[in-house]
Amino acid sequence: MLISRHLAVKRTLTIVLLGISMLSAAQTQSTDKLHQHLQAVIGNFPGEVGVAFSIDNQLSIGINGQKAFPLFSVVKFHQALAVVERLREEQSPLTATISVAATELEKYTWSPLRDKFPRGGEFGIGNLLEYTLTQSDNNVCDILFHHVANTSYTQDYIRSIGISGCGIVTDEATMHRNPDKCRDNHTTPQAAVALLDYFHANRERDEYARFVWNAMSACATGENRIPKYLRNQVSAIVHKTGTGGTTKDGKIMGVNDMACIKLPQGHHCSLAIFVANAGCDMTRCEQLVATIAKASVDFTIGLFA
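Under my numbering, the first residue of the sequence shown is numbered 812, with each subsequent residue one higher.
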């Protein structure tokens, strides 16, 4: 068993463009049109929305890109990168096992592993990562936090690769007991895209990186979010979703999705969309995410047409 190391509704929409020199005058006009389109899509939405995306790690575009949003289960992506880094450090294989007791499998949370193995058992770390990345298993998230890479280790690892603007301080069980803690794990959309860009650039680094890439390629959640309109348009969508509960006043706390998207032309974009405090139903929230994703990818493809 691996032991964790302890380390320590009116709003202004802004667009941030970096690397603008790479664009022609026609492409700049296209960027302006995208800005206007996203303003129209988001403008009347009853909630907070943050968007960031980059194209080939060069052009970055953001709406509320520096505002902090709750991560919810998107944190399982950050966790996965920290877990495989821990395995690298200890030169342990993905097949290294963890003994999971039945008492670690909380009853009142989303957990396909618990449903299949209610008495617990011995599980490979790679297998557990598949549960968090493809099925967003909350119990497995805490098992990995408790046995392999705790929240402090995960936070320090993300900072060590040059990503600021996010905080990872609490586990799933704590958030379940106290819903106000759900906001403690947070990120800005720009930080989320920076992490996606790092992930894409290092996806072939070793067997660990390839494993995380492949697992996220098989993500089974959020099909009505970023992937909804894109499956037949792009070569690959490697993504992780996050969803919050409902507040006392009936607002959805979070509807998130972030993805590396491979385009047929050989280009790629990294896209992060965060929705918070939404005064509408889940269908409308997911439709907003899907519409933003479609507009962003259409823009990207148009740049290279």
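By construction, the Cβ of each residue, glycine as well, lies at the ideal position given by its N, Cα and C atoms.
Please read these numbers as outputs of a predicted model, since none were measured by experiment.
Item: Nearest to ARG988 (by Cα), restricted to the options ILE909, LYS1105, GLY1056; Value: GLY1056
Item: Local Cβ density within 10 Å of ILE855, reported as buried at 16 or more and exposed below that; Value: Per the sequence presented here, residue 855 reads as Asn, with Ile not at that position. The residue in question, ASN855, is exposed, as its Cβ has fewer than 16 Cβ neighbours within 10 Å.
Item: Assumed close pair HIS997, PHE880 - CB separation to whole angstroms, cut-off 8 Å; Value: 6 Å
Item: Nearest-angstrom Cα separation, counted from VAL1108 out to THR1032; Value: 20 Å
Item: Endpoints, alpha helix (DSSP H) assigned at LEU1006; Value: 1000 to 1012
Item: Minimum length 4: unbroken alpha helix (DSSP H) runs contained in the segment 833 to 899; Value: 836 to 853
Item: Inter-residue spacing [alpha-carbon to alpha-carbon] between MET1093 and GLN902; Value: 43 Å
Item: Between the CA atoms of LEU1114 and ALA1087 - distance to the nearest angstrom; Value: 30 Å
Item: Boundaries of the alpha helix (DSSP H) in which PHE1110 is found, first to last residue; Value: 1093 to 1114
Item: Rounded Cβ spacing between LEU1082 and ALA1104 (contact assumed at less than 8 Å); Value: 6 Å
Item: Residue from HIS1011, GLN1001, ILE954 with nearest C-alpha to THR981; Value: ILE954
Item: Touching by the beta-carbon criterion (3+ pairs, under 8 Å), the segment 924 to 943 and the segment 1018 to 1032; Value: yes
Item: Euclidean distance between Cα positions of SER922 and LYS1073; Value: 30 Å
Item: Rounded distance between the beta-carbons of VAL860 and ILE872, thought under 8 Å; Value: Rounded, the Cβ-Cβ distance is 14 Å, inconsistent with contact.
Item: From GLY876, LEU882, LYS878, residue whose alpha carbon lies closest to that of ASP995; Value: LEU882
Item: Beta-carbon proximity list for GLN1076, same chain, < 7 Å, skipping 5 on both sides; Value: PHE1115
Item: Contact set for ASN1043: own chain, Cβ-Cβ below 7 Å, skip 5 residues either direction; Value: none
Item: Local conformation of ASP1017 per DSSP, three classes; Value: coil
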